[in-house]
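**Q** Top to bottom, those sequences are chains A and S. Every letter in the first sequence is one number past the one before it in our numbering, and letter 28, counting from 1, is 12. Quick note, our numbering runs 67 ahead of the 1-based positions in the second sequence. Idealized CB from N, CA, C, for every residue including glycine. If you're wondering where the values come from, they're calculated on a predicted model, not measured in any experiment.
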Amino acid sequence: MLLVVTYTRAARRDLRNVCRAHEDTVVRQFGRAALLSATEFGAFQALRLREKHGLDVQIERVRPFEPEDVPDRVREAARAYEARETASIPYRQFASGRDLPGADQLRGEEL
Amino acid sequence: MKLRVCGTTYEGRVVDLRCRSVDGATVAAAIRGARPLPAVDAPAPGPVYDYCGRVHPSMGLRTKTALAAAARSMGHETDHDDTIAELRERLADLDGAEPTLPSARESVDDATVAELRESAATARGRLEARERLGAETAEIRAQVRETTRTLAKRETERAAAQQSRQQRRERAREYRDRQARRRRLADRLANCRRDARRELVDAVADDFVAALAAVPGSTPEERPDDPFDAPPVPAALATLRLARTDAPVVLETDRFRSPAAAADWLDAPVVRC
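Structure (structure tokens):
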């Protein structure tokens, strides 16, 4: 999918107009951003906005995500932390002493 | 004020142009300095004049905005003024110019490079084999040189493309971060100005209501329950009566007995058109 983010009022207005006119190309619309389908038509609409508003329109490619795409230890860490008994314990503290990756370790690893 | 219309010079606090073929919009624009003729010599108009510098039957009026400007002209200040000034300054300091990005380069795909690496390795292998056999190597040597050179070239191109892509993304991101900061500041500024406007309107609301009640020739329909819903002409006149009005006001209304009576009521220099 294509993520289109706008940074000015004018760009945001035009994005909304595009979304209204081409509902079948819009996967989801947010305040000043929208997900367009990964088709040439989606790219065409995104590029039109980019032509008109320059860098005030950001276009990113978004890939579908499934939890299974992520290493086991990350999923387990999330599961264990959300099942914690003390709500106020920070993850850093929670992870130390358990067999879980540290926050800095997670930050250092690209997906 | 001094006003020169079609060869005649008018001077004084009140100028009556009803018998001259010049319309109020033209005179008001000249007073604002938006047009050179008719020539006007008078104090410069303040923000109130943007809303009610010319009072005429088909005008519109954002009463509260105009009244806030009137309150400012009278020297009213608000608790938000320092914040407004600070936010304005910070907003002005944020450079809004879009950066020029390094031009995009055609990327060399991984498959091409892998293929070239393989053929370079093959060529080197063949050269070594021929050397071991003591066979003729000139031709294969040239081939090794050629494939190695092409590989190096493509790898350089690929590195340059990656670097340019990286730079493009970084610069775009910096710019967008700045834009996001601008937007947050602009939102805060708009909120502050709204709060300040409310405070200013509150400060002069009672005087406004009194002035509105004193507008000559006002009918009951012109005095709705909410005084801020009053029609534009009486609302503008009441606003002008409160505001500090050193510049001439252009009037195209028959509410007053005479232009001089209007000038007295408004406490302003008046051009009657």
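Run through DSSP, which three-state label would Thr(-10) (chain A) get?
**A** Of the three classes helix, strand and coil, the one that applies to Thr(-10) (chain A) here is strand, per DSSP.
**Q** The region 64 to 82 of chain A: which residues have C-beta closer than 8 Å to a C-beta of chain S, in chain order?
**A** The residues in question: there are none.
**Q** Report the neighbours of Ala8 (chain A) on chain S: residues whose CB is nearer than 7 Å to its CB, in chain order.
**A** The amino acid occupying residue 8 (chain A) in the given sequence is Asp; Ala does not appear at that position. The contacting residues do not exist; Asp8 (chain A) stays about 28 Å from chain S at best.
**Q** Are the C-beta atoms of Arg255 (chain S) and some chain A residue less than 7 Å apart?
**A** So no, Arg255 (chain S) is outside the interface.
**Q** The alpha helix (DSSP H) that contains Ile98 (chain S), what's its start and end?
**A** Note, Ile98 (chain S): alpha helix (DSSP H), 91 to 99.
**Q** Heavy atom of the ligand FAD less than 6 Å from the Cβ of Asp262 (chain S), yes or no?
**A** You won't find the ligand FAD in this model; it holds no ligand whatsoever.
**Q** Are Leu84 (chain S) and Val107 (chain S) touching if we call contact CB-CB under 7 Å?
**A** No, they are not a contact pair.
**Q** Just to make sure I have the definition right: I need the residues of chain S whose C-beta is within less than 9 Å of the C-beta of Asp(-2) (chain A). Which are they?
**A** The premise fails here: Asp(-2) (chain A) is roughly 16 Å from chain S at the closest Cβ pair, so nothing lies under 9 Å.
**Q** For Glu44 (chain A), which residues from the same chain have a beta carbon less than 6 Å from its beta carbon, with the 5 sequence-adjacent residues on both sides left out?
**A** Same-chain partners within the cutoff: Leu(-13).
**Q** Quick test of your reading: Ala114 (chain S) and Arg99 (chain S), contact by CB under 8 Å. State the CB separation rounded to the nearest angstrom.
**A** Sequence inspection shows Pro at residue 114 (chain S); the Ala mentioned does not correspond to that position. That belief does not hold up - the Cβ atoms of Pro114 (chain S) and Arg99 (chain S) are roughly 11 Å apart, past 8 Å.
**Q** At the 7 Å Cβ level, is Leu39 (chain A) part of the contact set with chain S, yes or no?
**A** Leu39 (chain A) counts as touching chain S.
**Q** Just reading off the alpha helix (DSSP H) that Leu39 (chain A) is part of, what are its end residues?
**A** Careful: Leu39 (chain A) lies outside any alpha helix (DSSP H) and carries neither H nor E.
**Q** Taking CB distances under 7 Å as the criterion, tell me whether Arg243 (chain S) reaches chain D.
**A** The chain labelled as chain D is not found among the protein chains of the depicted structure, namely A and S.
**Q** Give the straight-line distance between the Cα atoms of Arg102 (chain S) and His123 (chain S), rounded to the nearest whole angstrom.
**A** Near 20 Å, if we compare the C-alpha coordinates of His123 (chain S) and Arg102 (chain S).
**Q** Around the Cβ of Gln42 (chain A), are there at least 16 other Cβ atoms within 10 angstroms (buried) or fewer (exposed)?
**A** Per the 10 Å Cβ criterion, buried.
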